[in-house]
Each structure stands twice: as structure tokens, then as C-alpha cells.
Amino acid sequence: MAMQRRIPVHTADVFPDGAYLVGPVEAVMDFNAGKRPDGSRPQQTDPETGLLVWSVPVLDADPAARKADKTVTIKFVAKVQPVPPENKSGMPFTPVDFCGLTATPYIAETGGRPRLAWSYRADGMSALSVKAVA
């Protein structure tokens, strides 16, 4: 069997020191589609399912992560906007676990030097039990 395009991973594989929501879930705009009469862009849809694409910024709590790699975007494909879990941690950011998380490798051309990068997608998210540091 050939390697799948989207590689299934666990949250702990990608974020061994934890993942924290640092912003709201937002619609991903389709910049390849034409603008609407009011000048706005339509929301991107997944070519495989036809469902809407949403994204949320996530902080990688790895203290050794480079500054450029500290915040990662996780995308969702869903009919309606995913709702983040309630933050009961006492911290400013919501600790989260992703369900159905996949990673897709691609080559990023930044500064004229190609590097391997990852695109992340999840089916859902749930609260992660973390005690606040006093």
C-alpha cells in the first residue's frame, strides 16, 4: 500500500509539550475565487468533501521551538464553525487535544531556501486537562 497523503498523527506527536489555542476559529477565505459583488471573498471549501475550511492558531509549548515555529495553524473541514472547548485551566490560553489530526508535508520556499514544512488538519478538538501553574 502506498503512503497516504495525509499522515495520521496524535496531538502529543506534534506538540509533546502541549498545544494551546491562542486565537478564535475563523473561516479561511478563498483567494483563488473571484470577489463577491460587495468586495468580500467567499470561504474556501475542501475540494474532496465540498465542506467549509476553518482555521485556528495554536501555540506549540515546546521551549526549544524556533520563534517562527511557535505558532501553528490547524485547519478543520466542517459544515459549521468548530467550537473550541471551554478554558478551565486558569491560564490565558486554552490547552487542547485534537481529534483526527493529520500532517501533510510540503516544500516551503522561504527566503530562496526550500525547507520541509507541515500542514495540519483535524476533525475536532477537545479540552485537555492541565493544572495551572501557581
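According to this note's numbering, the stretch in the sequence shown is residues -7 to 126, in order.
Backbone N, C-alpha and C fix where the C-beta goes; we use that ideal spot for every residue, glycine too.
For residue j and residue i, the rounded distance between their alpha carbons
i, j, result
"residue 29", "residue 80", "43 Å"
"residue 97", "residue 65", "14 Å"
"residue 19", "residue 32", "13 Å"
"residue -2", "residue 82", "34 Å"
"residue 21", "residue 27", "10 Å"
"residue 146", "residue 25", "The question about residue 146 has no answer, for the chain in this structure spans -7 to 126."
"residue 110", "residue 58", "15 Å"
"residue 116", "residue 40", "18 Å"
Chain-order list of residues whose beta-carbon lies under 6 Å from that of residue i (same chain, five-residue window excluded)
i, result
"residue 119", "77"
"residue 113", "67 and 94"
"residue 7", "52"
Beta-carbon proximity list for residue i, same chain, < 7 Å, skipping 5 on both sides
i, result
"residue 3", "11, 89, 90 and 93"
"residue 61", "52"
"residue 108", "97 and 99"
"residue 23", "33"
Own chain residues within Cβ distance below 8 Å of residue i, not counting five before or after
i, result
"residue 63", "14, 49, 50, 51 and 52"
"residue 43", "37, 69, 70 and 71"
"residue 106", "99 and 100"
"residue 17", "46, 47, 48, 68, 73, 74, 75 and 76"
Residue i: first and last residue of the uninterrupted alpha helix (DSSP H) it sits in
i, result
"residue 6", "3 to 6"
Beta-bridge partners of residue i, as assigned by DSSP
i, result
"residue 117", "90"
"residue 51", "12 and 63"
"residue 68", "46 and 114"
"residue 21", "35"
"residue -2", "The partner list for residue -2 (beta bridge, DSSP) is empty, contrary to what the question assumes."
is_contact[residue i, chain C] using C-beta, thresh 9 Å
i, result
"residue 93", "Among the chains in the structure shown there is no chain C, since it carries only a single protein chain."
Contact test: residue i Cβ vs the ligand COA heavy atom, cutoff 8 Å
i, result
"residue 17", "For the ligand COA, the structure offers nothing, since it holds no ligand at all."
Legend entry - the segment 11 to 18 / the segment 74 to 91 touching (three or more Cβ pairs under 8 Å): Yes: the two stretches touch, three or more of their Cβ pairs being nearer than 8 Å.
Inset, instruction - Please determine if the segment 35 to 55 and the segment 96 to 107 are in contact, where contact requires at least 3 C-beta pairs separated by less than 8 Å. - result: Contact between the segment 35 to 55 and the segment 96 to 107 is absent, because fewer than three Cβ pairs lie under 8 Å.
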